[in-house]
Amino acid sequence: MTHAVSMRPRSWALVVCSLILVAVSVRAAIYELTEALEGVSSSDAWLAVGASTLSAVVGLAFLAWAARLKPTVLSWLAAFGWGTGGALIFAGYGNTVIDSAVAASNLSDEAVDFVTSVLTGPIVEETGKGIGVLALILAARKVLDRPAQGGVLGALVGLGFAWGEDVGYYVSALENGMSGLWESFLVRAILGAYAHAIFTGVFGYALAWAVLRAQNVLTGLLVAVGGYGGALALHAQANGVGFLAPEDSWNLTYGAIEIPVFVVSVALLVWGLRRQRATLEA
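Residue numbers (my numbering): 653 to 934.
Pasting the structure below:
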């Protein structure tokens with residue numbers, strides 16, 4: 653009885669934070685989805701949403717198996733929801749403003765594309781996603797067991813972000829028919845291999861480590877900033893490879909780099925979660 657009472661206050665911050673993020677994200681996600689599907693035929697809309705949902709469901713199923721929906725189901729809904737709504741709104745407006753400023757400079761068109769894709773884009777998007785991750789992990793700090801759980805929350809935000817973003821990409825790809833959709837799905841869902849989940853998962857892991865393991869504030873800040881920098885670096889390299897890969901071997905080059913990143917990331921996450929489970933059961 654004492655144990656149950658003592659546990660209740662520990663999760664209130666996470667409950668409140670999750671509810672706020674869900675409330676904000678539902679409206680934002682509806683707006684984003686409406687904008688992406690405006691003027692699109694019902695068949696193309698279903699295809700775009702279906703293709704994006706397929707990869708998201710696979711990712712969610714894997715995370716549910718690996719992490720057992722911890723720390724709470726509500727926090728999972730909030731994380732995924734923030735990615736689909738709040739983070740996308742932030743990134744959309746942020747990229748629009750910054751892209752316009754870069755385009756107004758004296759840079760060439762090719763340089764503008766490179767700067768906005770490899771430099772400013774990752775900063776805006778990882779910041780937008782990171783806001784939700786930061787809020788959730790700070791709220792969940794008393795119910796998290798291991799840093800890997802922070803990585804899961806970050807990955808969930810990334811999955812949600814990719815789901816919303818991919819709908820727009822697939823709608824555009826369908827202008828070239830089913831072959832265009834397949835080519836876009838190949839790049840974003842297979843060769844890209846859950847890139848956004850990996851980027852934001854790195855920040856989530858580092859932030860959770862800082863909250864759970866850091867011996868002092870300075871160490872925690874350094875680790876958290878390092879995790880954010882790691883997310884930026886991974887995002888920038890993925891966009892950079894996509895930008896610089898030879899056209900005649902683009903798929904091969906991109907996949908040869910990004911798929912190993914995915915495999916290593918999955919292995920580290922599973923190891924971190926199983927190590928946690930073994931410790932708790934010992």
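Glycine included, each C-beta is placed from N, C-alpha and C at the ideal position.
Sorting Leu699, Val709, Val776, Lys722 by C-alpha distance to the C-alpha of alanine 888 places Val776 at the top.
A Cβ-Cβ separation of about 7 Å places serine 670 in contact with leucine 729 under the 8 Å criterion. Counting other Cβ atoms within 10 Å of its Cβ, glycine 702 stays below 16 and is therefore classed as exposed. Contact between the segment 900 to 918 and the segment 834 to 848 is established, with three or more Cβ pairs separated by less than 8 Å.
In this structure, the alpha-carbon of glycine 806 lies about 17 Å from that of valine 667. The three-state reading of DSSP puts glutamine 889 in helix, counting H, G and I together.
Annotation: the continuous alpha helix (DSSP H) that includes alanine 763 extends over 761 to 766.
Contact annotation: phenylalanine 914 and alanine 862 have beta-carbon atoms that are not nearer than 9 Å. Cβ atoms of alanine 708 and glycine 820 stay farther apart than 8 Å, at about 14 Å. Under the three-state reduction of DSSP, glycine 691 is assigned to coil, being neither helix nor strand. For valine 819, the secondary structure class from DSSP, reduced to helix, strand or coil, is helix. The DSSP-derived three-state label of lysine 722 is coil. Between phenylalanine 742 and glycine 773, the gap from beta carbon to beta carbon reaches 9 Å or more. Per DSSP, the continuous alpha helix (DSSP H) segment holding glutamate 777 begins and ends at 773 to 791. Leucine 715 and aspartate 765 have their alpha carbons spaced roughly 34 Å apart. The segment 809 to 828 makes contact with the segment 676 to 691, as at least three CB pairs between them are under 8 Å.
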